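Participant: This is the structure I have questions about; it appears just below.
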Amino acid sequence: MHSFIQVSTTVAKREDARTITEIVVSKRLAACVQVVGPIRSTYWWRGKIEDTEEWLCLMKTRKKLYRKLEEVIKSVHPYEEPEIIATPIVEGSEGYLRWIEEETESSEQ
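In terms of our numbering, the sequence shown opens at residue 14 and continues consecutively.
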């Protein structure tokens, strides 16, 4: 089996989350995207603390697809410097991981 990851990014608008979701799933760069929100994010940006409402996108994919996925997210993401991070999926049900593998296989072709 392949190595699996969960990639996350945040956006300010639900519509932007929907756009990212539709593109990465249709390109089979992620088998699934869950959109959570709205959430509150507090962070430093350009020398001051920001406190904003955002939508969190959680994408399930294979580690070998990360660079392609990151490139696609950046191409449509509205932020100047978007958060795009990957977390390893250390364990998961065999059937679910197989499903991720099967649903993202054709992205390599």
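Backbone N, C-alpha and C fix where the C-beta goes; we use that ideal spot for every residue, glycine too.
Every value quoted in this text rests on a predicted model; they were computed, and no experiment measured them.
Could you pull out every residue in the same chain whose Cβ sits closer than 6 Å to the Cβ of residue 99, ignoring the five residues on either side in sequence?
Facilitator: Taken in chain order, the residues that qualify are 18, 20 and 79.
Participant: Helix, strand or coil, according to DSSP, for residue 38 in the structure here?
Facilitator: Residue 38: helix per DSSP, three-state reduction.
Participant: Would you report the Cα separation of residue 51 and residue 67, rounded to the nearest angstrom?
Facilitator: One C-alpha to the other measures close to 5 Å.
Participant: Determine the extent of the beta strand (DSSP E) in which residue 56 is found, giving its start and end residues.
Facilitator: Note, residue 56: beta strand (DSSP E), 45 to 58.
Participant: Check whether the Cβ atoms of residue 46 and residue 38 sit closer than 8 Å, and answer yes or no.
Facilitator: Contact flag set, yes.
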